[in-house]
Every structure is written in structure tokens, then in C-alpha cells.
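According to our numbering, the sequence shown is numbered sequentially starting from 109. So the structure is just underneath, and the comments pick up after that.
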Amino acid sequence: MSVTVGIHDLAVATAGHTLALDALAAYNGTDPGKYRVGLGQDQMSVPGPDEDIVTMGAAAARAVLDRHGADGIRTLLLATESGVDQSKAAGVPVHALLGLPSTCRVVEFKQACYSATAALQAAAGLIARDRSERVLVIAADVARYELDSAAEATQGAGAVAMLVTADPAIAVLEHATGIHTADVDDFWRPNDSPTAVVDGKLSVEAYLDGIVRAWDDYRAHGGSPIDQIDRFCHHQPFTRMAVKAHRRLAEHVGVALDEGLIDVTTGYNRRIGNSYTASLYLALAALLDGADDLDGARVGMFSYGSGAVSEFFSLVVQPGYRSALRGAETEALLAARTPVDVARYRELHAGAALDSRFDVDTPVDSRGPFRFAGIRGRARRYAAN
Ligand code: COA
Numbered sequence: 109m110s111v112t113v114g115i116h117d118l119a120v121a122t123a124g125h126t127l128a129l130d131a132l133a134a135y136n137g138t139d140p141g142k143y144r145v146g147l148g149q150d151q152m153s154v155p156g157p158d159e160d161i162v163t164m165g166a167a168a169a170r171a172v173l174d175r176h177g178a179d180g181i182r183t184l185l186l187a188t189e190s191g192v193d194q195s196k197a198a199g200v201p202v203h204a205l206l207g208l209p210s211t212c213r214v215v216e217f218k219q220a221c222y223s224a225t226a227a228l229q230a231a232a233g234l235i236a237r238d239r240s241e242r243v244l245v246i247a248a249d250v251a252r253y254e255l256d257s258a259a260e261a262t263q264g265a266g267a268v269a270m271l272v273t274a275d276p277a278i279a280v281l282e283h284a285t286g287i288h289t290a291d292v293d294d295f296w297r298p299n300d301s302p303t304a305v306v307d308g309k310l311s312v313e314a315y316l317d318g319i320v321r322a323w324d325d326y327r328a329h330g331g332s333p334i335d336q337i338d339r340f341c342h343h344q345p346f347t348r349m350a351v352k353a354h355r356r357l358a359e360h361v362g363v364a365l366d367e368g369l370i371d372v373t374t375g376y377n378r379r380i381g382n383s384y385t386a387s388l389y390l391a392l393a394a395l396l397d398g399a400d401d402l403d404g405a406r407v408g409m410f411s412y413g414s415g416a417v418s419e420f421f422s423l424v425v426q427p428g429y430r431s432a433l434r435g436a437e438t439e440a441l442l443a444a445r446t447p448v449d450v451a452r453y454r455e456l457h458a459g460a461a462l463d464s465r466f467d468v469d470t471p472v473d474s475r476g477p478f479r480f481a482g483i484r485g486r487a488r489r490y491a492a493n
């Protein structure tokens with residue numbers, strides 16, 4: 109018997125500081141139009157010294173648990189590019205901060221910006237085995253490139269927590285999915301590097317190749333024809349990339365796709381910046397919060413993670429979904445960030461890579477529910493604020 113599985117709740121978190129890209133443009137002598145129009149970015153979230161993927165991921169998940177409780181959650185999947193340990197899953201300290209029961213498996217998923225989609229599919233598989241299970245999927249990332257690099261303006265930080273259940277209130281995950289994997293060196297992060305290594309132009313091409321190949325596989329596996337897809341969310345390493353993706357898909361399929369169908373999806377990412385695995389789900393949150401009535405709408409989702417794995421899948425928005433949304437909360441979070449100037453942003457960037465051989469207490473800086481308290485005996489410590 110097939111089980112209806114999907115997203116029952118979705119909550120957003122981001123870092124406590126924000127840098128206006130106009131300020132970065134003024135600092136490095138770039139025309140601000142390049143960032144605002146060419147990349148489609150206005151701001152980026154910047155983590156303080158006591159923020160990371162654990163604190164953001166736990167903050168997003170806290171909101172979900174406050175509304176729905178922890179009953180039936182036997183799995184927590186945390187997807188990230190910016191892991192804080194080579195061995196221990198970042199979801200384990202999240203599990204502790206949230207006070208989840210010990211009868212809950214926790215594991216980390218990694219594949220650049222793609223892994224949250226794998227986590228969502230894995231969650232659906234678990235629920236197909238036992239429809240009473242609810243799975244907590246967390247996508248959390250800090251996108252960090254080298255200072256003064258071409259990629260610098262495409263940094264950011266954010267998290268999305270999703271409660272995946274049978275009979276979801278927000279959106280049902282459709283069965284058909286299209287996948288494409290190719291070994292490409294377009295973006296990666298060596299174990300000894302706090303910043304990603306990227307061939308930006310190659311990454312754009314690999315992404316555009318990924319969307320058409322994943323689309324073809326989606327169709328070959330029973331996915332809906334393009335004229336039965338009402339809205340599209342494309343992964344947004346910078347929001348202009350969604351426009352490029354949409355045009356490439358239209359050209360490939362041989363139809364004229366209305367670019368207005370993706371506009372509203374960029375609302376949060378324009379202000380948060382790249383949040384790697386969380387980015388696609390921030391696009392979904394922006395669509396749900398910002399569009400008019402989507403009852404019954406089919407949303408095409410394109411997930412891309414450099415390296416490279418692509419997946420095209422679809423969701424169907426559920427009648428009455430609006431009562432499950434959190435648009436006002438997300439707006440409040442974005443508005444509450446502290447603006448920083450370029451000098452402070454550069455200090456925070458430089459201070460992010462800590463040497464675990466030295467114990468340290470991080471200053472209390474963030475106003476979120478949880479903070480990274482420092483390092484003791486080479487282990488990262490977390491606390492509630
Ligand atoms: N006003 C408006 N648009 C402007 C402009 C101005 N003053 N100056 C430049 N632009 C446009 C360019 O024409 C270009 O548009 P196009 O992509 O439609 O051709 C866009 O701004 C970007 O300019 P470009 O010179 O290509 O930027 P760049 O080489 O400095 O870097 C990336 C862009 C994306 C390659 C770089 O930010 C990067 O490496 N980011 C990280 C990797 C990434 O995000 N990859 C995405 C796929 S995963």
C-alpha cells in the first residue's frame with residue numbers, strides 16, 4: 109500500500125548578523141548592480157562567533173517541536189556541507205539541545221548543496237515502512253568562501269527544519285523523481301580547508317547540465333509533463349541562478365516558461381545568501397509564504413549539489429496549508445539580525461576557523477535559543493541561551 113508522505117511543518121533559522129552587499133561592493137570597488145541584479149543578492153547572513161550549523165539547525169527544529177512535540181520522532185537527519193566534526197554527526201548535539209528521546213537515530217548527510225533532498229527522500233522511505241513515524245529533517249549550512257574572491261558575494265548562512273510525516277499539512281512528496289550524478293570538480297572543500305574551493309563558471313555549467321538531465325530522468329520515471337507543473341523552486345546559490353535554470357529548462361523542453369513563476373521563490377535567499385543544503389527549502393518557504401493560494405498546486409523542485417548530484421522531484425501543496433505556515437516568524441528573524449559593516453564581517457570571517465587543540469570560551473553574542481559555547485578537550489560545547 110502506498111503511503112502519502114510529505115512536509116508537515118517547515119521552520120527557518122538564520123545567523124544573527126547581516127551584511128548589505130552594497131557595502132561589500134563599495135569596499136571592493138564593484139558596481140552594486142552586479143550583486144543586486146547580476147547575482148540577484150541584496151544581503152547575506154553572517155554567523156557570530158557563537159553560531160554554527162548546530163545552533164541554527166537546533167533553532168529551526170525548536171520551532172517545529174514547540175508546535176508538534178517529539179512523539180513518534182525516531183529519526184533526525186541533518187544535512188550539511190559545513191559539518192563541524194569529521195566523525196560525529198552534527199545532529200547529535202542538536203538532539204541533545206532539543207532534549208529528544210534517546211530512542212532516536214541520528215545521522216549526517218553530505219553532498220554539497222544537495223544532501224537535504226536525499227534526507228527528505230530517506231525520511232519518506234522510513235515513513236513508508238511505518239506510517240506512525242515522524243522524521244525530523246534539518247538542512248543547515250554556512251557558505252564560506254575566501255575573502256576577496258569572486259565567490260565572496262555568494263556567501264550566507266541558514267537552516268530549515270522539516271517535520272516529515274504521513275498525511276502532511278503542507279505538501280505531499282510525489283513518487284516520481286529524476287536523478288543525475290557526475291564526478292565534476294566544480295566545488296569542494298578539502299578536509300583541511302575552512303573555505304570551499306570553487307570553479308564558479310564550471311559550477312554554473314554543471315548545475316545547468318544537471319537540471320536537464322535530472323528533468324529527463326524525472327519524466328522517464330513517470331514525472332508530470334511541464335504544463336502540469338504550476339510553480340518551480342530551483343536551488344539558489346545566488347538567486348539569479350534560478351532564472352538561468354528556468355531558462356535552460358524551458359529551452360530544453362521547448363516551451364516558453366513564465367519567469368514570474370519563480371520570482372516569489374527568491375524572497376528569503378536574496379536576504380540570507382547561499383545556505384547550501386537549506387537554500388532550496390528556503391525557496392520553498394518563500395513560495396509558500398509569498399504566493400497567493402497554492403491549494404493543490406504542483407511544485408517542481410530542482411536540487412543541485414556540486415560534485416555533482418542533481419535531483420528533480422515534485423510536491424503537491426495541500427488544501428489548507430496556509431494555517432501551517434510561519435511567514436511572520438521568518439520575517440521577524442530576518443528583521444532582527446544585526447547589520448554589520450565590512451570590517452566586522454571580515455573579523456567574523458577570519459575568526460571562524462578555530463584550532464581544536466586550544467580550549468576556548470566563545471563570547472555570548474547571538475540572541476537565538478542556542479549557542480556554541482566553545483571548545484573543551486578538543487570537543488565542541490553547546491548551550492541554551
Ligand atoms: N549590473 C548588472 N549585472 C552585472 C553587472 C552590473 N554592473 N556587472 C556584472 N553583471 C552580471 C554579469 O553580466 C553576470 O551575468 P550573467 O551570469 O547573466 O552573465 C553576473 O553579473 C555575474 O557576473 P560575473 O562576471 O559572471 O561574476 P563573477 O565571475 O565575478 O562570479 C560566480 C560569479 C557565480 C561565478 C561567483 O560568484 C562564484 O563562483 N560563486 C560561487 C559558486 C556558485 O555559486 N555557483 C553556482 C552554481 S552551484
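In this text, a Cβ means the ideal position worked out from N, Cα and C, and glycines have one as well.
Pop quiz: Ala265 and Val417 are said to be a contact at Cβ under 8 Å. What is the actual Cβ separation, rounded to whole angstroms? Contact doesn't hold; Cβ gap of about 22 Å is too wide.
Helix, strand or coil: which one does DSSP assign to Asp139? Asp139 carries a coil assignment under DSSP once its states are collapsed to helix, strand and coil.
In whole angstroms, what is the alpha-carbon distance linking Ala461 and Arg489? Between Ala461 and Arg489, the C-alpha separation is close to 15 Å.
Identified DSSP bridge partners for Ala274: Ala274 is bridged to Val113.
Residue interval of the beta strand (DSSP E) (run including Leu184): Counting along the chain, the beta strand (DSSP E) containing Leu184 begins and ends at Ile181 to Ala187.
Is the beta carbon of Gln464 less than 7 Å from the beta carbon of Asp158? Here residue 464 is Ser; the residue named in the question, Gln, does not match the sequence. Contact flag unset, no.
May I ask which residues mark the beginning and end of the beta strand (DSSP E) holding Glu419? The continuous beta strand (DSSP E) containing Glu419 extends over residues Val417 to Val425.
Evaluate Ser301 with the Cβ neighbour count: other Cβ atoms within 10 Å of its Cβ, from every protein chain shown; 16 or more gives buried, anything less gives exposed. Ser301 comes out exposed.
Cutoff 6 Å; reference Arg486; Cβ partners in own chain excluding five residues on either side: Taken in chain order, the residues that qualify are Ser464.
Distance CB(Ala386)-CB(Val268) smaller than 7 Å: In contact: Ala386 and Val268 (Cβ atoms closer than 7 Å).
Is there at least one non-hydrogen atom of the ligand COA closer than 6 Å to the beta-carbon of Thr446? No - the ligand COA has no heavy atom lying nearer than 6 Å to the Cβ of Thr446.
Is the segment 130 to 146 in contact with the segment 160 to 171, if contact means three or more CB pairs nearer than 8 Å? Touching, no.
If you draw a straight line from the C-alpha of Met270 to the C-alpha of His176, how long is it? About 11 Å.
Using a Cβ-based criterion (distance less than 6 Å to any ligand heavy atom), does Ala259 qualify as near the ligand COA? At least one heavy atom of the ligand COA is nearer than 6 Å to the Cβ of Ala259, so yes.
Run of the alpha helix (DSSP H) containing Thr438, from where it starts to where it stops: Note, Thr438: alpha helix (DSSP H), Gly435 to Ala444.
Using a Cβ-Cβ cutoff of less than 7 Å, which residues in the same chain neighbour Ala393 once the five nearest sequence positions on both sides are dropped? Contacts found: Leu118, Val120, Val268, Tyr376 and Thr438.
Rounded distance between the beta-carbons of Asp249 and Glu188, thought under 8 Å: It is worth fixing the name first, because residue 188 is Thr in this sequence and not Glu. That belief holds up - the Cβ atoms of Thr188 and Asp249 are roughly 5 Å apart, short of 8 Å.
For Leu185, count neighbouring Cβ atoms within 10 angstroms of its own Cβ and tell me buried if that reaches 16, exposed if not. Under this definition Leu185 is a buried residue.
Taking only the alpha-carbon atoms, compute the straight-line gap between Pro345 and Asp400 and give it to the nearest angstrom. Near 25 Å, if we compare the C-alpha coordinates of Asp400 and Pro345.
Cβ-based burial, Ser414 [other Cβ within 10 Å; buried from 16]: Buried, since its Cβ has 16 or more Cβ neighbours within 10 Å.
Leaving out five residues before and five after Arg239 in sequence, what residues of the same chain have Cβ atoms less than 7 Å from its Cβ? Taking Arg239 as the centre and dropping the five residues before and after it, the same chain places the C-beta of Val111 and Ala274 closer than 7 Å to its C-beta, in chain order.
Is there contact here, the segment 361 to 378 with the segment 328 to 342, by at least three beta-carbon pairs under 8 Å? Verdict: yes, contact present.
Counted within 10 angstroms of its Cβ, other Cβ atoms place Ser431 as buried (16 or more) or exposed: That one is exposed.
Taking the DSSP output, what are the residues bridged to Val243? BP columns for Val243 point to Thr183 and Val272.
Under the three-state reduction of DSSP, which class applies to Val250: helix, strand or coil? Shown here, Val250 sits in a strand according to DSSP, grouped into three states.
Pick out the complete alpha helix (DSSP H) segments inside the segment 191 to 233, 4 residues or longer, and give them in chain order. Taken in chain order, the complete alpha helix (DSSP H) segments of 4 or more residues contained in the segment 191 to 233 are 199 to 206.
The ligand COA and Asp469: does any heavy atom of the ligand fall closer than 6 Å to the residue's C-beta? Checking every heavy atom of the ligand COA against the Cβ of Asp469, none is found closer than 6 Å.
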